[in-house]
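First residue of the sequence shown: 12, per the numbering used here; consecutive thereafter. Beta carbons are placed, not taken as given, at the ideal position from N, Cα and C, and that holds for glycine.
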Amino acid sequence: GEVTAKIQQAGFKIVAMKLTKLTKETAGEFYAVHKARPFYGELVDFMSSGPCVPMILEKENAVADFRTVIGATDPAEAAAGTIRKLFADSKGENIIHGSDSVENAKIEGSFFFSTQEVVQIHA
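Dropping the structure here:
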């Protein structure tokens, strides 16, 4: 799709990807870090409302570069041409999640994928 194409055009290699649907329980586990936040219930509801396409991406400086590609959480504040500016509906329904650190990227990747599901790509 268009989002995947934008990710690849930005130089990311997709090493794992699948189409799934999160249950409320699974979405709650994934976003447990936000459990005390006022938006938690709406986030879990939204993330379990339809299909989800988790991916593991590779690139030098992947975390920082990906956060630039996806844009600010609030699409109204996102830079022109970013994924959230182009495709997000609102701050709560912003189409895409990006890990905030390498450590969290590893944790979040392993939430969705076993090591056997990740393709090893060596440039």
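Problem - Own chain partners of Leu54 with C-beta closer than 6 Å, once the 5 adjacent residues on each side are dropped - result: Tyr42
Exercise for the section: List the whole-angstrom C-beta distance separating Met58 from Ala38, where the pair is believed to meet the contact cut-off of C-beta under 8 Å. Expected result: 4 Å
Exercise for the section: Kindly identify the DSSP beta-bridge partner or partners of Leu68. Expected result: Ile25
Handout entry: Thr37 in three-state terms, based on DSSP
Key = It is helical.
Practice task
Assuming Gly82 contacts Ile94 (C-beta within less than 8 Å), just tell me the rounded distance between them.
Solution key: With 8 Å as the limit, Gly82 and Ile94 qualify as a contact, their Cβ atoms being about 6 Å apart.
Exercise for the section: Could you name the residues of the same chain whose beta carbon sits closer than 7 Å to that of Gly109, not counting the 5 residues immediately before and after it, in chain order? Expected result: Contacts found: Phe77, Arg78, Ile81.
Problem - Gly120 burial status per 10 Å Cβ neighbour count (16 or more: buried) - result: buried
Handout entry: Local conformation of Lys102 per DSSP, three classes
Key = coil
Handout entry: Span of the alpha helix (DSSP H), counted from its first residue to its last, around Ile18
Key = First-last of the alpha helix (DSSP H) with Ile18: 13 to 20.
Exercise for the section: Determine the extent of the alpha helix (DSSP H) in which Arg78 is found, giving its start and end residues. Expected result: 73 to 81
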